[in-house]
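634 is the number of the first residue of the sequence shown in the working numbering; add one for each residue after it.
The structure appears right after this line, and notes come after that.
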Amino acid sequence: MTLRDLQLRRLQALCAALRAGNAFYAPRLAAEFATLEEFSARVPVTLKQDFVADQAEHPPFGTNHTEPLESYTRFCQTSSTTGHPLRWLDTPASWNWMLDCWERVFTEAGVRMRDRIFFAFSFGPFLGFWTAFDAATRMGCLAIPGGGMSSTARLRTLIDSQAQVLCCTPTYAIRLAEVARAEGTDLRSLAVRTVIVAGEPGGSVPGTRALLERHWSGARIVDHHGMTETGPVSYECVRRTGVLHVMEREFFAEVIDPASGAAASEGELVLTNLGRTAAPVVRYRTGDMVRVDNAGPCACGTNEMALVGGILARRDDMVVVRGVNVYPSAIEDVIRACGGVAEYRVEILTVRAMNEIRLQVEPEAADEQLAHRLESALRDALGLRIPAEMVASGTLPRFEMKARRWVRVPA
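In structure tokens:
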């Protein structure tokens, strides 16, 4: 059976189950389909706003449930900057499906049974931490939680436990290295051989990846991505750095032009999870901007969808500056490649009805030429003049979760 045949069969089974038992999706799945192309043409996309409205109308959990509420044993919640986080419930079966996906991420990253994995997160209601932790224990790894600890305490636990694998955001991996440097700890003395990152595009941004590799003394940096609404989606290719493969046996993935909705090779990722029947998303517009490699089978041997450069940006994060589409990942790549930057912030302001951006940069050490080098590098990379202002050490916030470096300010 080909991959597409498998996807079609699983899609038809999923939709049959949702028509029978899911009040949210049943009206959306009235049309039958005999091919994947018909599915894409006849089934409408789902937006986050649709779930937000459903949960507001049917509090607290909405109607996107295929089983009786008494069957659900897991609660998670999305992070949100809009004030509308989504509450998501899972049954044991849908949770175990996500653990299967996480085991694929770990296996492709080279994680082995009896490895020690340190999770440098505060364990809030966000899905990724809990599914990764449960999958690690199910694989036979020693899963070490880092919730409720200071960065210094996490670093000490990482050293004392002799963990071989670190899981965190790219930003927090940089922060831990900063703490280690301040305390005189040589990261080469640690047992960490793999740093698995997610939550931000940084793991697939060349400049950020190179910085992480320098900080973590040659440890392999592994990217992947997922969402509370979808579960774990992709794993990093073992042969091509900065390429994420979508687990297409578990997802039907499409890429569309965000304006027209037409199929595209670069655009917004749209996902249907094929095994999370109790808590599904069908043709969900993720907001993740991606670029697909359509060159055929990958060098690693898989035919699964290849996302070059990982997640390029969130759709709403792109800023048009003087006619140029500016992605946060492009700015970060330039900044990290320049070196000497401890932390930075991008300020967005409106001047004469047009967007402008400027940088605030906290240097690692005194460097009178850093601002000039950054401005020159940004001009060369983007064709834009972006002013860079140096600020004092400790001025800018540090992040444990997803970094919020882009902020809109008054002109």
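Beta carbons are placed, not taken as given, at the ideal position from N, Cα and C, and that holds for glycine.
Where residue i sits in the DSSP three-state scheme
i	result
P834	helix
W721	strand
P1043	coil
A653	helix
L940	strand
E670	helix
H691	coil
T714	Because the pLDDT of T714 is 47, which lies under 50, any placement of that residue in the model is unreliable, and the question is left without a value.
E881	coil
L680	coil
P913	coil
C933	coil
F739	helix
S704	helix
N729	helix
D950	helix
D638	helix
Q993	strand
S867	strand
V685	helix
L799	strand
Y660	What sits at residue 660 in the sequence shown is Pro, not Tyr. Correct three-state label for P660: helix.
R821	helix
A896	strand
A1036	coil
R873	coil
R1018	coil
A999	coil
Where residue i falls, given that 16 or more other Cβ within 10 Å makes a residue buried
i	result
L722	buried
T714	At T714, the pLDDT of 47 sits below 50, so the modelled position is not reliable; the number obtained from the coordinates is stated separately. Flag for T714 reads exposed.
L1007	buried
Q797	buried
P1043	exposed
S784	buried
A928	exposed
D748	buried
L636	exposed
A895	exposed
T706	exposed
F756	exposed
L639	exposed
T983	exposed
N936	exposed
V1040	exposed
D856	buried
M772	buried
L702	exposed
Bounding residues of the alpha helix (DSSP H) (the contiguous stretch that carries residue i)
i	result
W763	760–772
P803	803–815
E1008	1003–1015
H857	Element bounds for H857: not the alpha helix (DSSP H) but the beta strand (DSSP E), 853–860.
T785	784–794
I964	961–971
D839	In the sequence under discussion, the amino acid at residue 839 is Pro, which differs from the Asp named in the question. P839 -> alpha helix (DSSP H) spans 839–848.
Residue j beta carbon less than 8 Å from that of residue i
i	j	result
V954	E989	yes
L799	V825	yes
V871	C933	yes
L1015	Y977	no
S850	L809	no
A1004	A1025	no
L904	T919	yes
D687	T696	yes
T699	T910	yes
R853	T827	yes
V994	M1023	yes
E833	T863	no
P996	A1010	no
Rounded distance between the beta-carbons of residue j and residue i, thought under 8 Å
i	j	result
Y868	M880	7 Å
T679	A1036	28 Å between Cβ atoms; not a contact.
F751	S794	6 Å
A765	W730	A765 to W730, Cβ: 14 Å. No contact.
V738	P865	6 Å
E899	R924	5 Å
Endpoints, beta strand (DSSP E) assigned at residue i
i	result
E976	974–984
T905	899–906
E1022	1021–1023
R632	Because the chain in this structure spans residues 634 to 1044, residue 632 falls outside the shown range and cannot be described.
L775	775–778
Residue i Cβ short of 7 Å to the ligand PLP heavy atom set
i	result
T764	In the structure shown, the ligand PLP is absent, as is every other ligand, since no ligand is present at all.
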